[in-house]
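Q: Dumping the structure here so I can ask a few things about it.
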Amino acid sequence: MRLLLKANTDDLNFLANNDLELDTNINKFYLKNINNVLKFKDWIPVNDFNVLAENLYLFEITRTCWKCHKETKCVCIGSNSCFIVEDSSVRHSEDLMLFSYLKGVPGKLTRYLEHNCNYKFGYSKKINDSYFLNHCSHCGAAQGDYYLHEYPETSFYASLCYNNAKPLKYAQFLNKYIVPISGRLPCYDEVCNSISVMLTHMLSGIENRASLEISQSKVNTLLSKAQKTEDIVL
Ligand SMILES: [Zn+2]
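When we follow the working numbering, the leftmost residue of the sequence shown carries the number -7, and every step to the right adds one.
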């Protein structure tokens, strides 16, 4: 799958660049080799991207709003085929990852998430930073990512932990090109192996990712337990 750059044929310097090829159908350049992406990071349409997703999914659960106590929809995006860009390295991953504390996605996807999912960039007092937040469809209160990603009972992967969990729904985006993303990567195995997180469970009695053994290999089975809905074309 191709990764497009913001440059088009008006950017004459790009025409002679051996790392790039022109997609003549849309008059945009794409990278011949993803491993060279860092040389062109200023030309990728999402600032500070750390994920380049080939497969892209929208995950959806319902949760009880902490403020008005009514049921509301919450979403996140994830991938099971993407390139992870860290410091100076690029590696491919086929692990299923749900991205949290999302900072940026391309414009069309941003508008889709805002208009269709009430998932939009905003400020969170709790972490004193801005990211894409879910908002209650009844009262508008922000539903922070901590409870959707870190706290198993109300998380997107609750169905891996509890038989009576509300079903997870997912839809696949039918993207023709690679989607750059800026967000936080999960580290399921680190938490699963964490003695301090396990101790917290033993002292408090509250279940957490370590006590429920939420590992990467377990998360990789999530799609098979979820309900697939209609594909999304942007
Ligand atoms: Zn509410």
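Ideal Cβ positions, reconstructed from N, Cα and C, are used throughout, including at glycine.
1. Can you list, in chain order, the residues of its chain whose CB lies under 8 Å from that of L177, leaving out five sequence neighbours each side?
2. Between K59 and S174, is the Cβ-Cβ spacing less than 7 Å?
3. Which residue spans inside the region 29 to 98 form an unbroken beta strand (DSSP E) run of at least 3?
4. Grab me the residues of S129's own chain with a C-beta within less than 7 Å of its C-beta, minus the 5 sequence neighbours each way, in chain order.
5. Nearest-angstrom Cα distance between M194 and R201?
6. Can the beta-carbon of S71 be found less than 7 Å from the beta-carbon of L101?
7. Can you tell me whether DSSP reads A218 as helix, strand or coil?
8. What does DSSP give as the partner residue(s) for K20 in the beta ladder?
9. Please return the same chain residues whose Cβ sits closer than 8 Å to the Cβ of D40, not counting the five positions on each side in sequence.
10. Can you tell which of N212, V171, S188, Y162 has its C-alpha closest to the C-alpha of D223?
11. Check the DSSP bridge columns for I224 and list the partner residues they point to.
12. State buried or exposed for R103, treating a residue as buried only when at least 16 other CB atoms are found within 10 Å of its CB.
13. Within 10 Å of its beta-carbon, does C131 have 16 or more other beta-carbons around it, so buried, or fewer, so exposed?
14. Could you tell me which whole alpha helix (DSSP H) segments of length 4 or greater appear in the region 100 to 187?
15. Decide if S147 is buried, meaning its Cβ has at least 16 other Cβ atoms within 10 Å, or exposed.
16. In terms of residue numbering, what span does the alpha helix (DSSP H) encompassing S209 cover?
17. If you count every other CB in all the chains shown that lies within 10 Å of the CB of D137, and 16 or more means buried, which is it?
18. Tell me which residues share the same chain as Y139 and place their Cβ nearer than 7 Å to its Cβ, disregarding the 5 neighbours each side in the sequence.
19. Could you tell me if N156 is buried or exposed, where buried requires 16 or more neighbouring beta carbons within 10 angstroms of its beta carbon?
20. Going by C-alpha to C-alpha distance, which of K20, N0, N25 sits closest to N10?
21. Identify, in the order they occur along the chain, each residue of the same chain with its Cβ nearer than 8 Å to the Cβ of I206, setting aside the five sequence neighbours on each side.
A: Concretely, from the data shown:
1. N42, V43, I76, M89, F91
2. no
3. 43 to 45, 49 to 56, 63 to 71, 74 to 78, 81 to 85, 92 to 96
4. T64, K65, N110
5. 13 Å
6. no
7. coil
8. N0, D15
9. K95, G96, S174
10. Y162
11. F165
12. exposed
13. exposed
14. 137 to 141, 180 to 184
15. buried
16. 208 to 211
17. buried
18. T146
19. exposed
20. N25
21. P144, Y149, L152, C153, Y180, V183, C184
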